[in-house]
Amino acid sequence: MAAMALRRLSVVRSLSSSSSRHFMSSLANQAASQKDTSRITWTKQLNEPLEEVDPEIADIIELEKARQWKGLELIPSENFTSLSVMQAVGSVMTNKYSEGYPGARYYGGNEYIDMAETLCQKRALETFQLDPAKWGVNVQSLSGSPSNFQVYTALLKPHERIMALDLPHGGHLSHGYQTDTKKISAVSIFFETMPYRLDESTGYIDYDQLEKSAVLFRPKLIVAGASAYARLYDYARIRKVCDKQKAVLLADMAHISGLVAAGVIPSPFEYADVVTTTTHKSLRGPRGAMIFFRKGVKEINKQGKEVMYDYEDRINQAVFPGLQGGPHNHTITALAVALKQ
444 MAAMALRRLS VVRSLSSSSS RHFMSSLANQ AASQKDTSRI TWTKQLNEPL EEVDPEIADI
504 IELEKARQWK GLELIPSENF TSLSVMQAVG SVMTNKYSEG YPGARYYGGN EYIDMAETLC
564 QKRALETFQL DPAKWGVNVQ SLSGSPSNFQ VYTALLKPHE RIMALDLPHG GHLSHGYQTD
624 TKKISAVSIF FETMPYRLDE STGYIDYDQL EKSAVLFRPK LIVAGASAYA RLYDYARIRK
684 VCDKQKAVLL ADMAHISGLV AAGVIPSPFE YADVVTTTTH KSLRGPRGAM IFFRKGVKEI
744 NKQGKEVMYD YEDRINQAVF PGLQGGPHNH TITALAVALK Q
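Be aware that the sequence shown starts at 444, since it is given in our numbering, and climbs by one per residue.
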């Protein structure tokens with residue numbers, strides 16, 4: 444009964460109901476079904492609303508909705524997505540299989556899926572003020588941890604070396620955490636990892652020790668990013684360490700990407716080779732991830748010839764078919780909406 448009352452009082456449900464008449468992929472309500480059955484292309488069962496098809500789940504959703512709106516949410520990795528984003532997530536875009544990339548799919552009928560994904564990529568670059576001649580982006584990655592692993596497998600050989608912030612000092616599992624007795628993350632199983640740590644007297648990353656460790660460990664990739672580090676990263680300092688070791692600099696800005704987009708904290712794009720981020724934290728989008736990578740001219744070699752970045756094909760190949768199958772088109776479409784907002 445409590446859940447039924449919450450449904451009647453829910454502002455979000457009211458907004459959703461009023462806007463669904465103008466949203467092409469929303470389910471037809473019962474009144475519309477009775478009014479003009481000739482326009483329904485699906486069976487009646489597929490057009491029935493959730494509260495009629497599965498009242499138990501409908502009640503659980505309403506209870507969770509009430510918990511979110513009545514409580515004070517202080518978990519920084521969570522956010523409130525907009526109605527329009529949730530409409531896109533619940534749209535017919537979820538029905539389509541589209542293995543591959545825009546213009547090169549294994550299935551037919553993907554012309555509108557291609558349009559949505561291409562628009563999402565365009566908006567992603569615009570959000571972070573990136574030149575499309577110098578940066579590309581993959582928007583198919585399903586979440587933050589897979590996106591990091593996809594970068595490692597794209598740019599490193601098995602058992603090559605990674606350095607990242609230690610998890611007890613604010614790092615993340617996907618950066619290769621292991622203990623003295625056990626490899627916790629799959630990253631530490633397939634690659635050799637060494638953590639850098641904080642100076643515990645200041646709470647800041649010990650960049651001097653990081654540089655010394657890098658000289659001894661000789662990493663092929665260094666991660667600048669954290670899950671629970673409350674300070675700003677000195678990307679320029681880590682870039683210098685990477686240059687000395689000829690290592691790739693991967694910036695994981697999953698928790699701070701919304702602040703980067705707003706320009707209120709320093710951007711990693713000036714220094715990083717590759718940047719990963721989730722889309723559902725401070726970006727306020729659906730649950731997903733993006734991988735940004737440099738493209739174009741990397742350097743001029745000793746013979747005076749241009750050396751090009753080769754990240755694009757390698758990263759795209761690692762995402763699909765390397766580690767994923769069909770992308771979640773409803774998520775990509777919803778992400779495009781969030782990036783516009």
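The beta-carbon is built from N, C-alpha and C at its ideal position, and this holds for glycine as well. Computed from a predicted structure; not experimentally measured.
Exercise. Going by C-alpha distance, which of Leu515, Val750, Gln784 and Tyr540 is nearest Asp557?
Worked result: Taking the sequence shown and counting its residues from 1, one reaches residue 557 at position 114. For the residues Leu515, Val750, Gln784 and Tyr540, the minimum Cα distance to Asp557 belongs to Tyr540.
Exercise. How would you label Arg604, buried or exposed, when you count the other beta carbons within 10 angstroms and need 16 or more for buried?
Worked result: Taking the sequence shown and counting its residues from 1, the one referred to as residue 604 is at position 161. Buried is the call here.
Exercise. Closest by CA to Ile734, which one among Thr561, Ala694, Lys663 and Glu499?
Worked result: As a working mapping, residue 734 is identified with position 291 in the sequence shown. Nearest of Thr561, Ala694, Lys663 and Glu499 to Ile734, Cα basis: Ala694.
For this session: Taking only the alpha-carbon atoms, compute the straight-line gap between Asp716 and Ala597 and give it to the nearest angstrom.
Result: The residue you call residue 716 lines up with position 273 of the sequence shown. The residue you call residue 597 lines up with position 154 of the sequence shown. Between Asp716 and Ala597, the C-alpha separation is close to 13 Å.
Exercise. To the nearest whole angstrom, what separates the beta carbons of Thr721 and Ser586, a pair I think is in contact under 8 Å?
Worked result: Working through the sequence shown from its first residue, we reach residue 721 at position 278. Working through the sequence shown from its first residue, we reach residue 586 at position 143. With 8 Å as the limit, Thr721 and Ser586 qualify as a contact, their Cβ atoms being about 7 Å apart.
For this session: Within the same chain, show all residues whose beta-carbon is closer than 8 Å to that of Leu493, passing over the 5 residues directly before and after it, in chain order.
Result: Mapped onto the sequence shown, residue 493 falls at position 50. Result list for Leu493: Ile500, Ala501 and Ile504, in chain order.
Problem set entry | Cβ-Cβ distance between Ile699 and Ile681 below 8 Å | For the purposes of this step, residue 699 is taken as residue 256 along the sequence shown, with counting starting at 1. For the purposes of this step, residue 681 is taken as residue 238 along the sequence shown, with counting starting at 1. Not closer than 8 Å, so no.
Problem set entry | Distance between Ser525 and Pro729 (C-alpha atoms, nearest Å) | Numbered from its first residue, the sequence shown carries residue 729 at position 286. Numbered from its first residue, the sequence shown carries residue 525 at position 82. Using only the alpha carbons, I get a separation of about 9 Å.
Exercise. In this structure, does DSSP put Asn591 in helix, strand or coil?
Worked result: In the sequence shown, residue 591 corresponds to position 148, counting from 1. If DSSP states are grouped into helix, strand and coil, Asn591 belongs with the helices.
Problem set entry | Buried or exposed (CB count within 10 angstroms, at least 16 for buried), Arg674 | On the sequence shown, position 231 is the one that residue 674 refers to. The residue in question, Arg674, is exposed, as its Cβ has fewer than 16 Cβ neighbours within 10 Å.
Exercise. Anyone know if the C-beta pair for Pro638 and Gly668 falls short of 8 Å?
Worked result: Within the sequence shown, numbered from 1, the residue matching residue 638 stands at position 195. Within the sequence shown, numbered from 1, the residue matching residue 668 stands at position 225. It is not a contact, given that the beta carbons lie outside the stated cut-off.
Problem set entry | Closest by C-alpha distance to Ala704, when choosing among Ser584, Leu726, Glu755 and Lys687 | Translated into positions along the sequence shown, residue 704 becomes position 261. Nearest C-alpha to Ala704: Leu726.
Problem set entry | Nonlocal neighbours in the same chain, by C-beta distance under 8 Å from His465, ignoring five residues either side | As a position in the sequence shown, residue 465 is number 22, starting the count at 1. Note that His465 has pLDDT 46, beneath the 50 cutoff, so the model's placement of it is unreliable and no number is given.
Exercise. Taking buried to mean at least 16 other C-beta atoms within 10 Å of its own C-beta, is Gln530 buried or exposed?
Worked result: Mapped onto the sequence shown, residue 530 falls at position 87. By the 10 Å Cβ count, Gln530 comes out buried.
Exercise. Based on Cα-Cα distance, which residue from Ser534, Tyr672, Gln511 and Val658 lies nearest to Asn490?
Worked result: The sequence position of residue 490 within the sequence shown is 47, counting from 1. Ranking the options by Cα distance to Asn490, first place goes to Ser534.
For this session: With a cut-off of 8 Å on the beta carbons, I'd call Val762 and Ser584 a contact; round off their distance for me.
Result: Counting from one through the sequence shown, the residue named residue 762 turns up at place 319. Counting from one through the sequence shown, the residue named residue 584 turns up at place 141. Indeed, because the Cβ distance is near 6 Å, the residues count as touching under 8 Å.
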